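Participant: This is the structure I have questions about; it appears just below.
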Ligand SMILES: [Mg+2]
């Protein structure tokens, strides 16, 4: 505990995951609810396929099975799949005629995890790194009067606010570490000054060995999250986690950081 406090006292800057960490919802699901029914079904089908690939046992297939390749997702191909998935979704959002206002409304639906604003405010430099949408995060932060750098999929809109596409430099779930590294370079944050916080396996990629790494896991999800780590054979990465916050709120972490700064 003493070591945890002295490490916590050195934290100055923070890298934050968005979905499931700063708020309790899911951006893509919230946008999906704004689609007409047929598109919503196609959108949900991709999410289900992706989820099954990551979380269920893939059946043995023979070469005469048309899904011999498409029915499995090699881990090394995941970032490519993430990018293509985003492109697919954006295509359907355009087909549905979504506008800037729709994405702003999504931001307003995303319920803050208690303590999230306070935790962000404790940092000198802060960045939100998400396999979600840049403009949704920006609106969410603006509604709370918080300024932060954001790395996420950047949507493009025309002069009347209609969605026209997205920037190709997508942040994939497994490539968040590149944004985290860039953030630390640009603000000069040393490893032990940098808090990294997320709620899932993919956030562990952002966690450098000597960062202050926090995994937030609501008590109701502990079993599932620990299983994720076992199944993804991330036990080596698991050692990088400085602390697990088994709580629905970020307030205990805010209290820990304040306490550490005042008393060490
Ligand atoms: Mg997350």
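Residue numbers (my numbering): 3 to 266.
All C-beta atoms, glycine included, are put in the ideal place defined by N, C-alpha and C.
All values reported here derive from a predicted model rather than from experimental measurement.
#1: Three or more beta-carbon pairs under 8 Å between the segment 100–113 and the segment 129–147, yes or no?
#2: In its own chain, which residues sit with a C-beta less than 7 Å from the C-beta of residue 146, not counting the 5 before and 5 after it?
#3: Rounded to whole angstroms, what's the CA-CA distance from residue 114 to residue 23? Just pull it up for me.
#4: Suppose the cutoff is 8 Å on Cβ atoms and the five residues either side in sequence are ignored; what does the same chain contact list for residue 38 look like?
#5: What residue from 185, 45, 92 has the CA that sits closest to residue 164's CA?
#6: Should the segment 168–185 be called in touch with the segment 66–86, which here means at least 3 C-beta pairs below 8 Å?
#7: Reducing DSSP to helix, strand and coil, say where residue 239 ends up.
#8: Please indicate yes or no: does the CB of residue 91 lie closer than 6 Å to some heavy atom of ligand 1?
#9: Give the straight-line distance between the Cα atoms of residue 144 and residue 154, rounded to the nearest whole angstrom.
#10: Do you know how far the Cα of residue 264 is from the Cα of residue 54?
#11: Given a cut-off of 7 Å on the beta-carbon distance, is the pair residue 11 and residue 244 in contact?
#12: Pick out whichever of 194, 232, 117, 131 has its Cα sitting closest to the Cα of residue 21.
#13: Could you check what DSSP says for residue 10 in three-state terms: helix, strand or coil?
#14: Looking only at its own chain, which residues have a Cβ that is under 8 Å from the Cβ of residue 42, when we skip the five neighbours before and after it?
#15: Checking the sheet assignment: what are the DSSP bridge partners for residue 114?
#16: Considering only residues of the segment 74–157, which uninterrupted alpha helix (DSSP H) runs meet the minimum length of 4 residues and lie entirely inside it, listed in chain order?
#17: Inspect the CB distances between the segment 192–205 and the segment 213–222 and report whether three or more fall short of 8 Å.
#18: Restricting to runs no shorter than 4 residues, where is the alpha helix (DSSP H) found entirely within the segment 27–61?
#19: I need the straight-line Cα distance from residue 240 to residue 205, nearest angstrom please.
#20: Does residue 70 pass the burial test, meaning 16 or more other C-beta atoms within 10 Å, or should it be called exposed?
#21: Which partner residues does residue 208 have in the DSSP bridge list?
#22: Excluding the five sequence neighbours on either side, which residues of its own chain have a C-beta within less than 7 Å of the C-beta of residue 26, listed in chain order?
#23: Closest to residue 179 by C-alpha separation, out of 221, 156, 133, would be which residue?
#24: Taking the alpha-carbon of residue 60 as reference, which of 171, 73, 4, 101 has the nearest alpha-carbon?
Facilitator: Result, derived from the coordinates:
#1: yes
#2: Reading the chain shown from its first residue, position 144 is the one you call residue 146. Excluding residues within five positions, the ones whose Cβ falls inside 7 Å are 119.
#3: For the purposes of this step, residue 114 is taken as the residue at position 112 of the chain shown. For the purposes of this step, residue 23 is taken as the residue at position 21 of the chain shown. Distance between the alpha carbons of residue 114 and residue 23: 9 Å.
#4: Locating residue 38 in the chain shown gives position 36, counting from the first residue. Counting only Cβ-Cβ distances below 8 Å, and skipping sequence neighbours, we find 98.
#5: On the chain shown, residue 164 is found 162 positions in, with the first residue counted as 1. Residue 164 has its Cα closest to that of 92, out of 185, 45, 92.
#6: yes
#7: Along the chain shown, read from residue 1 onward, the residue named residue 239 stands at position 237. Residue state, collapsed to three classes: helix.
#8: Sequence index remark: in the chain shown, residue 91 carries index 89 (1-based). Residue 91 Cβ: outside cutoff for every heavy atom of ligand 1.
#9: Along the chain shown, one-based indexing puts residue 144 at 142. Along the chain shown, one-based indexing puts residue 154 at 152. Cα-Cα distance, rounded: 16 Å.
#10: Residue numbering aside, residue 54 sits at position 52 when the chain shown is read from its first letter. Residue numbering aside, residue 264 sits at position 262 when the chain shown is read from its first letter. Answer to the nearest angstrom: the Cα atoms are 46 Å apart.
#11: Against the chain shown, residue 11 aligns to sequence position 9. Against the chain shown, residue 244 aligns to sequence position 242. No. Outside cutoff.
#12: Looking up residue 21 in the chain shown gives position 19. Closest option to residue 21, Cα to Cα, is 131.
#13: As a position in the chain shown, residue 10 is number 8, starting the count at 1. Of the three classes helix, strand and coil, the one that applies to residue 10 here is helix, per DSSP.
#14: Here residue 42 refers to the residue found at position 40 when the chain shown is read from its first residue. Counting only Cβ-Cβ distances below 8 Å, and skipping sequence neighbours, we find 34, 35.
#15: Position 112 of the chain shown, counted from the first residue, corresponds to residue 114. DSSP lists 25 as partners of residue 114.
#16: 80–97, 102–111, 118–123, 136–144
#17: yes
#18: 29–34, 39–57
#19: Here residue 240 refers to the residue found at position 238 of the chain shown. Here residue 205 refers to the residue found at position 203 of the chain shown. One C-alpha to the other measures close to 11 Å.
#20: Within the chain shown, residue 70 is the residue found at index 68, counting from 1. So residue 70 ends up on the exposed side.
#21: The residue you call residue 208 lines up with position 206 of the chain shown. Answer by DSSP bridge pairing: none, since residue 208 is not bridged.
#22: Stepping through the chain shown from its first residue, residue 26 is reached at position 24. Within the same chain, residue 26 has close Cβ partners 113, 115.
#23: Sequence index remark: in the chain shown, residue 179 carries index 177 (1-based). Closest option to residue 179, Cα to Cα, is 133.
#24: Within the chain shown, residue 60 is the residue found at index 58, counting from 1. Ranking the options by Cα distance to residue 60, first place goes to 73.
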